[in-house]
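Down below is the structure, laid out as structure tokens.
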Amino acid sequence: MLQDVFRVGSEVFKRLQRPDVEESIDANSLLLVFITGCVSVLAVVLKTSNKTPWANEFESIELSCLIESISTVNPRIEWKKIKNGEQPSYVYYEKKISGDLENRARLREPATLVIVNATRSDTAFYRCEVTAPSDHKTFDEILIDLRIRVKPVVPTCSVPKSVPVGKSAELSCVEHEGFPRSQYQWFRNKEEIPEDPKSSPKFFNSSYVLNGESGTLKFSAVRKEDAGQYYCRAKNEAGVSECAPQMMEVYDINIAGIVLGVLVVVVVLLCITVGICCAYRRGYFASQKQMGSNYKTPGKGDGVDYVRTEDEGDFRHKSSFVI
């Protein structure tokens with residue numbers, strides 16, 4: 001401690017000996033300079049070499065926390081993790097690594113945190129805190145924003161198998177694992193499709209809209225030249241991934257064939273209708289009740305027998321009739 005004070009005093013004295021320093025410096029000014037130097041010595045001050053470090057997944061990364069000035073011999077060092085605005089959780093506390101980094105991190109003296117085999121869950125804010133009770137300024141902290149980059153997985157691609165000429169079509173490509181968020185490229189027959197069709201002679205007459213953020217490729221009116229093998233590539237700072245090529249066919253609509261088919265169906269339905277009407281008129285659909293006799297034999301009364309004569313409907317009593 002005394003050595004630091006003497007060092008500050010020596011620097012002030014040397015400053016006064018410089019020829020460019022005016023002699024008008026009074027005692028109060030000298031005292032202010034001396035006190036300022038002493039306070040700076042008695043304060044804990046932190047710095048970092050990188051406030052926004054990044055690493056690819058499964059690599060190692062250092063969170064730099066350097067003690068630029070301190071007088072306390074054994075300061076208290078702590079690391080805390082802040083994720084998604086939640087309450088801070090301890091990463092390094094009481095000289096031990098804790099939490100989900102317990103077996104994947106270590107402290108490099110004096111206060112730098114080294115993460116081994118970093119994963120996407122390590123993406124968060126980390127705060128280095130140093131407490132020095134013997135210093136005039138007893139506390140200082142540094143906030144570090146760590147980002148772990150993740151390579152995209154194979155994207156899910158959707159390509160229509162066949163589309164008629166002049167109709168609309170939509171191709172989609174998406175994946176949700178990459179970090180930062182993936183950008184998308186589309187290819188036809190191994191040639192990249194530009195975002196602006198007017199920028200390439202091969203795609204100049206195409207009527208598509210390519211969205212590199214969402215991964216969609218939309219045709220407002222498909223042409224025969226749009227047929228081919230399509231595949232999509234997802235990419236970010238960590239790497240790229242592609243889906244397998246899929247064939248999209250473009251065919252002409254046969255208007256004459258469609259009209260002929262409709263006419264055939266109409267003729268067949270007309271023939272069936274005429275046949276049903278003819279069969280109905282000839283009685284093929286009449287019920288058995290209509291074809292049989294409507295005559296019913298009268299029932300016999302008690303003690304009365306009826307004899308049918310040759311003339312239908314003429315009855316007479318037998319001799320057995322009793323009044």
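Mind the numbering: the sequence shown is residues 1 to 323 in the UniProt record's numbering, read in order. Backbone N, C-alpha and C define an ideal beta-carbon position, used for all residues, glycine too.
Close beta carbons around Ala169, own chain, < 6 Å, minus the five adjacent residues each side: Excluding residues within five positions, the ones whose Cβ falls inside 6 Å are Pro160, Val163, Phe219 and Val222.
From what residue to what residue does the beta strand (DSSP E) around Asp140 run? Phe139 to Arg149
Between residue 324 and Gln229, what straight-line distance do the alpha-carbon atoms span, to the nearest angstrom? Nothing can be reported for residue 324, as the shown portion of the chain is limited to 1 through 323.
Give me the Cα-Cα distance between Ile193 and Glu78, rounded to the nearest whole angstrom. 52 Å
In angstroms with no decimal places, state the Cα-to-Cα distance between Asn56 and Ala118. 8 Å
Looking at C-alpha atoms only, which residue of Leu269, Lys190 and Gln185 is the closest neighbour of Asp196? Gln185
Figure out for me which residue from Val265, Ser206 and Ser182 has the closest Cα to the Cα of Ser214. Ser182
Please report the Cβ distance between Arg104 and Val116, rounded to the nearest whole angstrom; I am assuming they are in contact, meaning their Cβ atoms lie under 8 Å. With 8 Å as the limit, Arg104 and Val116 qualify as a contact, their Cβ atoms being about 5 Å apart.
Rounded to whole angstroms, what's the CA-CA distance from Val267 to Tyr280? Just pull it up for me. 20 Å
Roughly how many angstroms lie between the CA atoms of Cys232 and Phe179, to the nearest whole one? For Cys232 and Phe179, the gap between their C-alpha atoms comes out near 18 Å.
Between the stretch 64-74 and the stretch 145-152, can you find at least three pairs of beta-carbon atoms closer than 8 Å? Cβ pair count under 8 Å is below three, so no.
Since Cys128 contacts Glu141 with CB under 8 Å, what's their CB separation in whole angstroms? 6 Å
Look up Cys277 in the DSSP assignment and say whether it is helix, strand or coil. helix
With 16 other Cβ atoms within 10 Å as the buried cut-off, status of Arg188: buried
Just tell me which of Ile61, Ala43, Pro245 and Val44 has its CA closest to the CA of Asn50. For Asn50, the nearest C-alpha among the options comes from Ile61.
Quick one: grab the DSSP three-state call for Cys271. helix
What span of residues does the beta strand (DSSP E) with Gly85 cover, start to end? Gly85 -> no beta strand (DSSP E), and no H or E assigned at all.
Would you tell me roughly how many angstroms separate the C-alpha atoms of Val209 and Val240, rounded to the nearest one? 22 Å
In angstroms, rounded to a whole number, what distance separates the CA positions of residue 327 and Ile253? Here the chain has residues from 1 to 323 only, and residue 327 is not among them.
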